[in-house]
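**Student:** Take a look at this one; I'll ask things after.
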Amino acid sequence: MTQGIKSEPFILNIGPQHPSTHGVFRIKATVDGEKVLDAEMVMGYLHRSMEKLAEERTYTQNIPFTDRTDYLSSMSNNLGYCLAVEKLAGIEVPARGDAIRVIMAELQRLASHCMAVGAFANDTGAWQTPVMWCFREREKILDIFEVTSGARLTCNYMRIGGVAFDLRPQFEPMVRKVLKEFPPFLQEMEDLLSGNEIFISRTRGVGVLTPDMATNSSLSGPMLRGSGIAWDLRKADPYCGYEKYDFDIPIGYQGDSFDRFIVRLEEMRQSLKIIEQALDGLPAGPHSTEVPLALRPPKGEAYARIESPRGELGYYLVSDEGPSPYRFHIRPPSFINLSALREMTVGGTIADAIVVLGSIDIVVGEIDR
Amino acid sequence: MTRELTGLEAAALAESVVPGSVDKTTATACYLKPEHLVATLEALKGSREADLVHLTNLCGVDFWDHMEVIYHIQSFVKNHIALFKVETWDREHAEVPSVVPVFHGAWMQENEAYDLFGIKFPGHPNLYRILLWEGYPGWPLRKDFLSMPGGLQPGLGDFAGEARRQEPPVKVIE
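Residue numbers (my numbering), protein chains in the order written: chain B, 1 to 369; chain R, 1001 to 1174.
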């Protein structure tokens, strides 16, 4: 510009088929040279209308649907939905069921954050090495899920009133192995990335969110905590007995992409702490209560939410005493975290827009449902 | 634990900032009058006592004769959550004022409610069909959607030993 070079804005489609959009998601960016002037999100390529389908199925039949919304953290989705139904119908879960749920949700957080951190490193140009390391560690967790529930990604393990099966004998040694091998891996990632000059210059000060902006845009999870708001539903609104475990809420101070990355990395350490405590104090007893298959909750509504790896995952259910929910609404964290995408990308370069999108950690199955 | 405000508590907060804004209350929810919705939520957001700053969840619900838009709003400092609702009785021209000027986070969720329920939000800066394409016939999450010509019955048919949910008669759109 300073040299008098004439340029004019044009529209650039990032996606829908592009590795850095993490699925079929499209950003319609108006750019002037390298600078992003406007960014419009185009979504819905993966819309399966789960909320409509769920209205025709029984409460138990809806559990597999929740696996397929956020397919990187199916255990958390199962948990959120089961909590909502239990709240609606007033069902108590036995202590062992709660502890198993906590272990599974935290293992899922490890697996999901592995993907988030690895893919984010990929987006910043650390091509393939970190993401392969993350896949290697995530594989061990998926093996645990396979042993426990029979599936690796779409686990369908939680049930209304508890979990589907009790733990197998080989479960505990496998988890202990992960607990032992994970901290060196996290240290390795930190050595590789958080002190890396290229990584820092790509992420520091990129996509800055002030606390006010983060609150006003309804953000949740690591997005909110990266901006310095210590809000974690596991502490603020404990479910499944999270109040019994000792852990901290990591927060960032500058609200940029680097802070969100560091928050995720630190959350994995806290998850390890929780898993260790839950495993040490795993109570004996039944893993589930008896719940009728044709469950008919009393007339009313319930909103239950959990801290999923991506943020606040809420389920809003309305019952009319029928065998299926009258209204089934998912509050998807990745969908609502995108509210701030335009504000974060406009004014930056195209390369920064990719970094910002990576730092939000979207899962398109959850955006489109 | 996050305290869930009862309908009466939420109504008392709303009445204290904008008198005459409350329509009715239930055990869990407070119904606001549509014409006072934006002013009430803005005042509640600024009020030190209510401190309802974080719009968590916004969605529509169809009850055949009327539709509701629900707002779950929470406070980080006070650690409580309130449920507000607004009713709209006109199915052909369902309209609820947009709260985007107050909560930027409503932008996506109001677009979704418009896309799937056909509720218009006057005051929304850019209302479009966010998940489906422009010109998609009908509003899928409305209860009468499947009665439209060409509509199919999804799902497994009857639940074992249960009759289908009784559906009120619906005018088929010719």
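Heads up, the beta-carbon is just placed ideally off N, CA and C, and yes, glycines get one too.
1) So which of R:ARG1091, R:ASP1115, R:SER1016, R:GLU1087 has the shortest CA-CA distance to R:GLU1049?
2) In the region 322–355 of chain B, which residues sit with their C-beta less than 7 Å from some C-beta in chain R, listed in chain order?
3) Taking Cβ positions only, does B:HIS47 come closer than 7 Å to chain R?
4) How close, in whole Å, do the beta carbons of B:PHE261 and B:SER334 come, if the pair is a contact with beta carbons under 8 Å?
5) With a threshold of 16 other CB atoms inside 10 Å of the CB of B:PRO384, please say whether the residue is buried or exposed.
6) Taking the alpha-carbon positions, what's the B:PRO332 to B:LEU313 distance?
7) Identify, in the order they occur along the chain, each residue of the same chain with its Cβ nearer than 7 Å to the Cβ of B:ILE306, setting aside the five sequence neighbours on each side.
8) CB B:CYS155 to CB B:SER74, shorter than 7 Å?
9) Using only the alpha-carbon positions, how far apart do R:THR1056 and B:LYS6 sit?
10) What do you reckon, are the CB atoms on B:LEU186 and B:MET268 nearer than 7 Å?
11) Suppose you measure from the CA of B:THR21 to the CA of B:ILE198; what does that come to, to the nearest Å?
12) Mind pulling the alpha helix (DSSP H) runs of 4 or more residues that sit fully within the region 243–285 of chain B?
13) Considering only the alpha carbon of each residue, which of R:VAL1096, R:HIS1080, R:GLY1118 lies closest to R:PHE1145?
14) Verify the CB distance criterion: does B:ASP248 have a CB-CB separation below 7 Å to chain R?
15) In chain B, which residues lie less than 9 Å from R:GLY1105 when you measure between Cβ atoms?
16) What distance in whole Å lies between the Cβ atoms of B:VAL93 and B:GLY433, which are believed to be in contact at a cut-off of 8 Å?
17) Can you give the beta carbon distance from B:ARG109 to B:PRO250, rounded, assuming they're within the 8 Å contact cut?
18) Whose C-alpha, out of B:VAL175, B:ALA164, B:VAL356, is nearest the C-alpha of B:GLY97?
19) Quick one: give me the first and last residue of the alpha helix (DSSP H) that B:TYR59 is part of.
20) How close, in whole Å, do the beta carbons of B:THR349 and B:VAL356 come, if the pair is a contact with beta carbons under 8 Å?
21) Spatial neighbours of B:ARG138 within its chain, please: C-beta separation below 7 Å, excluding the five flanking residues on both sides.
22) Which of helix, strand or coil does DSSP assign to B:ILE360?
23) Give a yes or no on whether the C-beta atoms belonging to B:ARG327 and R:VAL1018 are separated by under 7 Å.
24) Could you tell me whether the Cβ of B:ASP430 comes closer than 7 Å to any Cβ of chain R?
25) Please classify B:MET132 as buried or exposed, where buried requires at least 16 other C-beta atoms within 10 Å of its C-beta.
26) Helix or strand or just coil, what does DSSP make of B:ARG225?
27) Does B:SER20 come out as helix, strand or coil in the three-state DSSP assignment?
28) Identify whether B:GLN187 lies in helix, strand or coil by the three-state DSSP scheme.
29) Pick helix, strand or coil for R:PRO1149, following the three-state DSSP scheme.
30) Are R:ALA1029 and R:LYS1078 closer than 7 Å when you measure CB to CB?
31) Quick one, which of B:ALA351, B:ASP70, B:ASP259, B:LEU341 has its alpha-carbon nearest R:GLY994's?
32) For B:ILE11, count neighbouring Cβ atoms within 10 angstroms of its own Cβ and tell me buried if that reaches 16, exposed if not.
33) Check whether the region 55–62 of chain B and the region 316–325 of chain B are in contact - that is, three or more C-beta pairs closer than 8 Å.
34) Show which residues of chain R have a CB atom less than 7 Å away from the CB atom of B:ASP368.
35) Is the shortest distance between the beta-carbon of R:PRO1140 and the beta-carbons of chain B less than 7 Å?
36) What does R:VAL1086 touch in chain B if you count any residue whose Cβ is under 7 Å from its own?
**Tutor:** Let's see:
1) R:SER1016
2) GLY322, PRO323, ARG327, HIS329, ARG331, PHE335, ILE336, LEU338, SER339
3) yes
4) Rounded, the Cβ-Cβ distance is 16 Å, inconsistent with contact.
5) There is simply no residue 384 of chain B to check, as chain B begins at 1 and stops at 369 in what is shown.
6) 6 Å
7) SER76, LEU79, GLY80, LEU83, LEU233, TYR239, LEU313
8) yes
9) Roughly 45 Å between the two C-alpha positions.
10) yes
11) 21 Å
12) 257–280
13) The alpha carbon of R:PHE1145 has as its nearest neighbour, out of R:VAL1096, R:HIS1080, R:GLY1118, the alpha carbon of R:GLY1118.
14) no
15) THR215, ASN216, SER217, SER218, LEU219, ILE336, SER339, ALA340
16) It is not possible to answer for residue 433 of chain B, since the shown part of chain B is limited to 1 through 369.
17) Actually they are not in contact, since the Cβ atoms of B:ARG109 and B:PRO250 sit about 13 Å apart, beyond 8 Å.
18) B:ALA164
19) Careful: B:TYR59 lies outside any alpha helix (DSSP H) and carries neither H nor E.
20) Contact flag wrong, Cβ pair sits at about 11 Å.
21) ALA111, CYS114, MET115
22) helix
23) No, these two residues do not count as a Cβ contact at 7 Å.
24) What is shown of chain B runs 1 to 369, which leaves residue 430 of chain B out entirely.
25) exposed
26) In this structure, B:ARG225 counts as helix in the three-state DSSP scheme.
27) helix
28) helix
29) Since pLDDT at R:PRO1149 reaches only 44, below the 50 mark, its modelled position is unreliable, and no value is offered.
30) Result no, Cβ atoms of R:ALA1029 and R:LYS1078 do not sit closer than 7 Å.
31) This structure gives no information on residue 994 of chain R, because the portion of chain R shown stretches from 1001 to 1174.
32) exposed
33) yes
34) LEU1131
35) For R:PRO1140, the answer is yes, since a Cβ of chain B falls inside 7 Å of its Cβ.
36) Under the 7 Å cutoff, chain B gives no residues; its nearest Cβ is about 15 Å from R:VAL1086.
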